[in-house]
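Per my numbering, the sequence shown starts with residue 349, numbered consecutively. Heads up, the beta-carbon is just placed ideally off N, CA and C, and yes, glycines get one too. Model, not experiment: these values are computed from the prediction.
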Amino acid sequence: MANVTVIGAQWGDEGKGKIVDWLASRADAVVRFQGGHNAGHTLVVGNQVYKLSLLPSGIVTGTLSIIGNGVVLDPWHLKSEIEKLEGQGVVINTENFAVADNCPLILPLHRDLDGLREAAAGSGKIGTTGRGIGPAYEDKVGRRAIRVCDLAHLDALDAQLDRLCAHHDALRAGFGQPAVDRAALIAELKEIAPFVLQYAQPVWKRLKKVRKAGARILFEGAQGVLLDVDHGTYPFVTSSNTVSGTAASGSGLGPSSAGFVLGIVKAYTTRVGSGPFPTELDDETGQCLGERGHEFGTVTGRKRRCGWFDAVLVRQSCAISGVTGIALTKLDVLDGFETVKICTGYRLGGKILDYFPSHAADQANVEPIYEEMEGWSGTTAGARSWADLPAQAIKYIQRVQELIETPVALVSTSPEREDTILVRDPFVD
Ligand code: GDP
Ligand code: IMO
Ligand code: MG
Numbered sequence: 349m350a351n352v353t354v355i356g357a358q359w360g361d362e363g364k365g366k367i368v369d370w371l372a373s374r375a376d377a378v379v380r381f382q383g384g385h386n387a388g389h390t391l392v393v394g395n396q397v398y399k400l401s402l403l404p405s406g407i408v409t410g411t412l413s414i415i416g417n418g419v420v421l422d423p424w425h426l427k428s429e430i431e432k433l434e435g436q437g438v439v440i441n442t443e444n445f446a447v448a449d450n451c452p453l454i455l456p457l458h459r460d461l462d463g464l465r466e467a468a469a470g471s472g473k474i475g476t477t478g479r480g481i482g483p484a485y486e487d488k489v490g491r492r493a494i495r496v497c498d499l500a501h502l503d504a505l506d507a508q509l510d511r512l513c514a515h516h517d518a519l520r521a522g523f524g525q526p527a528v529d530r531a532a533l534i535a536e537l538k539e540i541a542p543f544v545l546q547y548a549q550p551v552w553k554r555l556k557k558v559r560k561a562g563a564r565i566l567f568e569g570a571q572g573v574l575l576d577v578d579h580g581t582y583p584f585v586t587s588s589n590t591v592s593g594t595a596a597s598g599s600g601l602g603p604s605s606a607g608f609v610l611g612i613v614k615a616y617t618t619r620v621g622s623g624p625f626p627t628e629l630d631d632e633t634g635q636c637l638g639e640r641g642h643e644f645g646t647v648t649g650r651k652r653r654c655g656w657f658d659a660v661l662v663r664q665s666c667a668i669s670g671v672t673g674i675a676l677t678k679l680d681v682l683d684g685f686e687t688v689k690i691c692t693g694y695r696l697g698g699k700i701l702d703y704f705p706s707h708a709a710d711q712a713n714v715e716p717i718y719e720e721m722e723g724w725s726g727t728t729a730g731a732r733s734w735a736d737l738p739a740q741a742i743k744y745i746q747r748v749q750e751l752i753e754t755p756v757a758l759v760s761t762s763p764e765r766e767d768t769i770l771v772r773d774p775f776v777d
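Here you go:
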């Protein structure tokens, strides 16, 4: 039975949430496998708008939704996000929602450290979401994290807290901050523990059962390949692997479970936070893309940087992540442009490159080589079939898939769930 792994193929905010929500009604389980509440996924269903950061987007359709071990979990945020969605009528209970008991926790001390480092970095800051993601992942690989399963054993936490606080107290002292208030931390953990523990379980076991029953699993990536800690624009990246391969390690299923890898690709490019961006437009056109696309971050409200479609980057992302097919989103934002540009290569020091180099200075210095295409005067907004698209928009899609060497499986033409064109069904491929 086909599973689908959804990943972002640019710098995040490609419209993953919308596509996962659209696919979720045909899936039996939706699994988040990396990242945390740095993600911001907006779903529009009729006149309801749902904003999710930590919960899998499948929760809105009531599909079994699972937070895998690869996620870093802020338990207080989990509670507030669940309460917010319940306030919008979404049903969340122990039948349709589970959290891996081996997820590392994001604690207030992680958020503190994230903020202190960013403030100290000045103009060299990463531009993180400030949610403690990086410090929490550091503690995970540093083998000093407090995990969900520890919430059931808070009276035996002393040795773990010694390790954790020895590390953080030294860092905090360097920033002129007081040591961690251990008593307050334990008290806060005791208060939140029962809420989290009701959902906690070894999710690999639940997923094994789902898989054995022949059910369809939809893996929901957060961020995008260009923010991947190995393959992205390092150091201006997030602290997890965002590529499709993480679906397996971040949920407790083997690599053969990934199925169809659906790369979500915006019809132009955006980025929020610092770091290189070859096709960035600091002009009216960039402004126009931002306004038409409502390019403001869901999590931080920051204005997203905008630019033309970069086929070199997306071709690289698709190769690195083994993308089977893409969902091209926000095509409607390009409606009405007289001409549209696509970056097909870079110039760097007199050489032509057909890939994005690894070194930060090279990434910052590449100059895009553009191909210009005629725009379309008709509208794609709200189109639900290929036949509804203007001929020139079809040409743009075809040129994109040719340049990225990956076929288009879906096209999205508005924020609304149903404004989606199915070209090739990822579940039956
Ligand atoms: P994600 O992080 O990848 O889930 O993407 P975000 O939700 O952060 O950002 C995508 C934004 O674009 C959201 O506000 C969506 O509602 C919106 N969106 C998604 N698909 C489309 C589309 O095809 N057209 C338009 N105009 N908006 C879209
Ligand atoms: P979704 O899932 C866009 C960016 C931040 C910053 C960098 C590191 O909505 O696509 P972090 O807080 O993770 O340490 O920040 O990564 N970033 C995102 N940008 N979409 C996201 O998620 C992002 N999550 C993190 O802006 O540049
Ligand atoms: Mg987002």
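In terms of CA proximity to A548, A500 leads the group P456, A500, Q508. Runs of the beta strand (DSSP E) lying entirely within the region 351 to 397, each at least 3 residues long, are 352 to 356, 377 to 380, 389 to 393 in chain order. The Cβ-Cβ distance between G641 and C654 falls below 9 Å. With a cutoff of 8 Å, T390 counts as near the ligand GDP, since its C-beta is closer than that to a heavy atom of the ligand. Residue side-chain check: D517 keeps its Cβ at 8 Å or more from all non-hydrogen atoms of the ligand MG. Using a Cβ distance threshold of 9 Å, G572 and I612 count as a contacting pair. Look at A615 here: in three-state DSSP terms it is coil, with no helix or strand label. S592 has its alpha-carbon roughly 9 Å from the corresponding atom of E568. Spatial neighbours of T409 in its own chain (CB-CB distance under 8 Å, excluding positions within 5 residues in sequence) are listed in chain order as D369, A372, S373.
One Cα belongs to F445, the other to E429, and the distance between them is close to 13 Å.
In terms of Cβ geometry, A387 and G416 do not form a close pair [threshold 9 Å].
For secondary structure counted as the beta strand (DSSP E) over 3 or more consecutive residues, the region 642 to 729 holds these complete runs in sequence order: 653 to 655, 673 to 677, 687 to 696, 699 to 701, 715 to 722.
Bounds of the beta strand (DSSP E) holding I414 are 412 to 415.
Its chain contains L679, D680, D683, L737, A741, T761 as the residues whose beta carbon lies nearer than 6 Å to that of T728, once the 5 sequence neighbours on both sides are disregarded; these appear in chain order.
Annotated as proximal: V392 and E764, with beta-carbon spacing under 9 Å. For T590, the secondary structure class from DSSP, reduced to helix, strand or coil, is coil. The nearest non-hydrogen atom of the ligand GDP is less than 8 Å from the C-beta of V681.
For A532, the enclosing alpha helix (DSSP H) begins and ends at 530 to 545. The region 577 to 595 and the region 554 to 564 do not touch, with fewer than three beta-carbon pairs separated by less than 8 Å.
The region 619 to 627 makes contact with the region 648 to 667: 3 or more CB pairs, one atom from each, lie closer than 8 Å.
A direct Cα-Cα distance of roughly 7 Å separates V419 from G598.
When the five nearest sequence neighbours on each side are left out, the beta carbons in the same chain lying within less than 8 Å of the beta carbon of H515 are those of D487, G490, R492, in order along the chain. Of the heavy atoms belonging to the ligand IMO, at least one sits nearer than 8 Å to the Cβ of S622. Here R495 has N450, C451, P452, L453 as same chain residues with Cβ atoms under 7 Å from its own Cβ, once five neighbours each way along the sequence are excluded. For the ligand MG, no non-hydrogen atom lies closer than 8 Å to the CB of K553.
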